[in-house]
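S.K.: Throughout, the numbering used here is defined as the position within the sequence shown, counted from one, plus 639.
The beta carbon of each residue, even a glycine, is placed where N, CA and C say it ideally should be.
Supplied in structure tokens, the structure appears directly below.
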Amino acid sequence: MKVEYDTIYQAGFLLQLDCPDLTGNRQIRGAEKGAGYLALHIEALNHAVRDIPADRMRLHVCWGNYEGPHNRDIPLQDIIHTVLQARPAGLSFEAANPRHEHEWKVFEEAILPGGKVLLPGVLDSTTNFIEHPELVAQRITRFASEVGRENVIASTDCGFATFAGFHTVDPRIAWAKLGAMVEGAQIASQELW
Numbered sequence: 640m641k642v643e644y645d646t647i648y649q650a651g652f653l654l655q656l657d658c659p660d661l662t663g664n665r666q667i668r669g670a671e672k673g674a675g676y677l678a679l680h681i682e683a684l685n686h687a688v689r690d691i692p693a694d695r696m697r698l699h700v701c702w703g704n705y706e707g708p709h710n711r712d713i714p715l716q717d718i719i720h721t722v723l724q725a726r727p728a729g730l731s732f733e734a735a736n737p738r739h740e741h742e743w744k745v746f747e748e749a750i751l752p753g754g755k756v757l758l759p760g761v762l763d764s765t766t767n768f769i770e771h772p773e774l775v776a777q778r779i780t781r782f783a784s785e786v787g788r789e790n791v792i793a794s795t796d797c798g799f800a801t802f803a804g805f806h807t808v809d810p811r812i813a814w815a816k817l818g819a820m821v822e823g824a825q826i827a828s829q830e831l832w
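Written as structure tokens, this is what we have:
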């Protein structure tokens, strides 16, 4: 994929690497083998993007964009130290759904390396509930309190239509959710700046 990654960067785009594989290995192979595969995937990824500036890339980690129990998801705290070794400056991850919203606390101990920014999901991409802007602001400020206000960019947990024809969230609702994110980010910015 190096050729494709380089081409995207050379065309002037920001490269987002979608990597659900980083969370899925341990469910399939077990904790010990999964940790080794995670490190191997990060090493391979870093090699493939070695010629692209870190600030022109972000890495998206997710646990599968589906409405389900997610009770077998690997905790963020178990993978964060390895994931933060990836070259991309931006780290996008699920942080709004009920299974992962509490994981902002991971950053009470995990140190965000210099030059890195977090793009936590502040909208659940699997439900038609429209988040209240105040809730969005709370989610943003939680992360800002741990890693610094300049290191947080509001994002969604994942895409609203990950696969063609797979629309769990009505498109009109998706736009309304994004509007709530804008309002919530404005509230958070007023509080933080």
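Please state if the CB of LEU679 and the CB of PRO727 are separated by a distance shorter than 8 Å.
M.R.: Going by C-beta atoms, PRO727 is not nearer than 8 Å to LEU679.
S.K.: Leaving out five residues on either side along the sequence, give the residues of the same chain with a beta carbon under 7 Å from the beta carbon of ALA693.
M.R.: The answer, listed in chain order, is ARG726, PRO727, ALA728, GLY754.
S.K.: Count the other CB atoms within 10 Å of the CB of ALA765; is the residue buried (16 or more) or exposed (fewer)?
M.R.: The residue you asked about is not Ala; residue 765 is Thr in the sequence shown. THR765 comes out buried.
S.K.: Can you list, in chain order, the residues of its chain whose CB lies under 6 Å from that of ARG697, leaving out five sequence neighbours each side?
M.R.: Hits under 6 Å: GLN655, PRO727, GLY729, SER731.
S.K.: Please report the distance separating the alpha-carbon of SER828 from that of SER794.
M.R.: Cα to Cα, SER828 sits roughly 15 Å from SER794.
S.K.: Counting only runs that start and end within the segment 735 to 781, where is the beta strand (DSSP E) found for 3 or more residues in a row?
M.R.: Complete beta strand (DSSP E) runs here, min 3: 756 to 759.
S.K.: Can you tell me which of the three DSSP states HIS699 falls into?
M.R.: Three-state result, HIS699: strand.
S.K.: Quick one: what does DSSP say ASP660 is sitting in, helix, strand or coil?
M.R.: Residue state, collapsed to three classes: helix.
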